[in-house]
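Chemist:
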Amino acid sequence: MEFTYHGMIRYGFGFFNPNHAAALIACLLPVCWSIRLFLKNKAAVYPAVAAEILLYLAFIFTYSRTGFIAVLVEGLIFLFLKNYFIHPEHPLRLPHFFPRHRLAVIMIAALGIAAISCGFMTRCVNTIPAPDRAMTNRITLFQGGLKMLADNPDGVGSGMSGMIYTAFYQPVESTLQYRTMVNSFLTFAVEYGIVWAYAVALGFILPVAAAVILLRKHRLSDRKIVIMLGGICILAGGVISAMGSSCFDLNVLGSDPGFTGELDRWMRILLLSCPVIAGIALSGVVISEHRRLYNHAGLLLILFVIFTLSGSIGYLMLGSFYKSNAGSYKVVEIGGGRWLKYTAGDKQNVFIVGGGSWDLKRIAEFARSRFPLNNIFIPLDRTAESLTASYSSKVILCGKNYLSAKQFPDCEQYWLLPEGPPPEKYPAGLKKIYLSRYDEAGYNHLWRDQPAQSTIPLEDIN
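All residue numbers for the sequence shown refer to this note's numbering, where the first residue is 46 and numbers rise by one.
#1: As a quick exercise: from Asn182, Phe249, Trp384 and Leu316, pick the residue whose alpha carbon is nearest that of Ala220.
#2: Can you round the beta-carbon distance between Lys445 and Gly465 to whole angstroms, since I take them to be within the 8 Å contact cut?
#3: Alpha carbon to alpha carbon, how far is Pro463 from Val201?
#4: Measuring straight from C-alpha to C-alpha, what distance separates Phe453 and Asn420?
#5: I need the DSSP call for Glu457, collapsed to helix, strand or coil.
#6: Tell me which same chain residues have a C-beta within less than 7 Å of the C-beta of Pro63, skipping the five on either side of it?
#7: Please list, in chain order, all residues of the same chain as Trp460 whose beta carbon is under 6 Å from its beta carbon, the five residues on each side excluded.
#8: Should the stretch 206-221 be called in touch with the stretch 331-349, which here means at least 3 C-beta pairs below 8 Å?
#9: Would you decide whether Thr353 is buried or exposed? Buried here means 16 or more other CB atoms lie within 10 Å of its CB.
#10: For Val240, count neighbouring C-beta atoms within 10 Å of its own C-beta (all shown protein chains included) and say buried if the count is 16 or more, exposed if not.
#11: Between Ala103, Pro75, Val94 and Ala88, which lies nearest to Val118 when the distance is taken from Cα to Cα?
#12: Hey, how far is the Cα of Leu345 from the Cα of Pro252?
#13: Helix, strand or coil for Ser318, going by three-state DSSP, please let me know.
#14: Count the other CB atoms, across all protein chains shown, that sit within 10 Å of the CB of Trp311; report buried if there are 16 or more and exposed otherwise.
#15: Tell me which residues share the same chain as Asn489 and place their Cβ nearer than 8 Å to its Cβ, disregarding the 5 neighbours each side in the sequence.
#16: Would you be able to state if there are at least three C-beta pairs under 8 Å between the stretch 277-288 and the stretch 250-269?
#17: My guess is that Lys470 and Glu457 are in contact by the Cβ rule of under 8 Å, so how many angstroms apart are they, rounded?
#18: Helix, strand or coil for Pro216, going by three-state DSSP, please let me know.
#19: Give the straight-line distance between the Cα atoms of Asp494 and Gly399, rounded to the nearest whole angstrom.
#20: From the DSSP output, read off the bridge partner residues of Glu378.
#21: Quick check: the Cα distance between Gly306 and Val297, rounded to an integer number of angstroms?
#22: Just to check my reading of the structure: Ser365 and Ala287 have Cβ atoms closer than 8 Å, yes? What is that Cβ distance to the nearest angstrom?
#23: Locate the beta strand (DSSP E) running through Pro424, then write down its first and last residues.
#24: Work out the CA separation of His65 and Leu503 for me, nearest whole Å.
The structure is reproduced here in structure tokens:
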């Protein structure tokens, strides 16, 4: 599959998704800016400028709008911090950003011509008056993610956000399939829960706040200033990139990430490491200046309280506006198997085996309507199916799985759309059989003519 824009190929440079390539370039550009700022020998700056030009050219051919915003924000933050926020007496304040102004003019003109001629700037500008489906779908997806977060504050399970959204939260008129929430922050929060999302956000916000305070209030070494500037810009660009795509995905570290190939996976790991390394480097500088930070502990405490209160208010508003009160979905592991668990009450657990011709959403809706206030477990792998008999007291056997009824001798059984003729003998635990009203397989008359059925209720369903 190729990503295109008006017939022109969007290059991924090793990534499957060009937006991820743009996110990596956005993480590398502040490194070039910091190197140029740190180097004293102007002749040594030119290789960094050459590398930077190559990154800009590669960035243009990704046609990434989110990447464009990320680089723009990074550049503004870098210039603002360097020119106006570094300690007034420090020599790095207000230096030349380029070794020569003529080089800057030539570079900006060349990149501008390239961006306009290939249509990159047209795509970025047209997004505002005429947003395409890639933008509008993200809005719908974001709203669905908030509903998922309100219903499942503890998270739905690693790697399951896209599947659960597609099955249970996507508008009925949409047939799109999602693997994630197309927003790294929302994906992480939906999969791992609000508490972990808060902890990770706080782990990035506090070092950045401390670094900004140190930059403004104290005269630091050139090396520390350059690390702080680069680290803050990389994290800022990472935030913008993460809001527009699922570029930072912890599932790349798993054994079965489900990506297009090994190259894409390793490039995603490289991308994921960029903000992590920037955060560690920034935290290292901040920790080395901890004695100076003691004088600003009150300010940092106020920021912590504001952030915590804002998060708490946001969580309460989330529950008020988005919670469905229809139960919650979560992927759980039991005995090495993975189940999709629907929690609606505190009565018995109902386990489902197979799905027959029905998809996940239809199976779950059937179980919810027939067994209200029960916990519904739907197996997601063969290990879970093989363990169902060990954990269930009530089981729904779908499709051909009614033939394995002997594996559940002590369970209360319900057969859903059995795909085949009736058995010679029915298990003692069988309580009800659900048949298709339209009888697609043509077996209904066989089930209805069985004498044993006089004691086992039948129900037609759509």
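Note that beta-carbon positions come from the ideal geometry of N, C-alpha and C, so glycine has one too.
Modeler: The short version:
#1: In the sequence as displayed, the identity of residue 220 is Thr instead of Ala. Measuring from the Cα of Thr220, the nearest candidate turns out to be Asn182.
#2: 6 Å
#3: 31 Å
#4: 18 Å
#5: strand
#6: Phe48, Arg55, Tyr56, Gly57, Thr107, Tyr108 and Ser109
#7: Leu442, Tyr447 and Ile478
#8: no
#9: exposed
#10: exposed
#11: Pro75
#12: 10 Å
#13: helix
#14: exposed
#15: Leu480 and Ser481
#16: yes
#17: Actually they are not in contact, since the Cβ atoms of Lys470 and Glu457 sit about 17 Å apart, beyond 8 Å.
#18: coil
#19: 26 Å
#20: Arg383
#21: 11 Å
#22: Not confirmed; about 26 Å, so no contact.
#23: Asn420 to Pro424
#24: 53 Å
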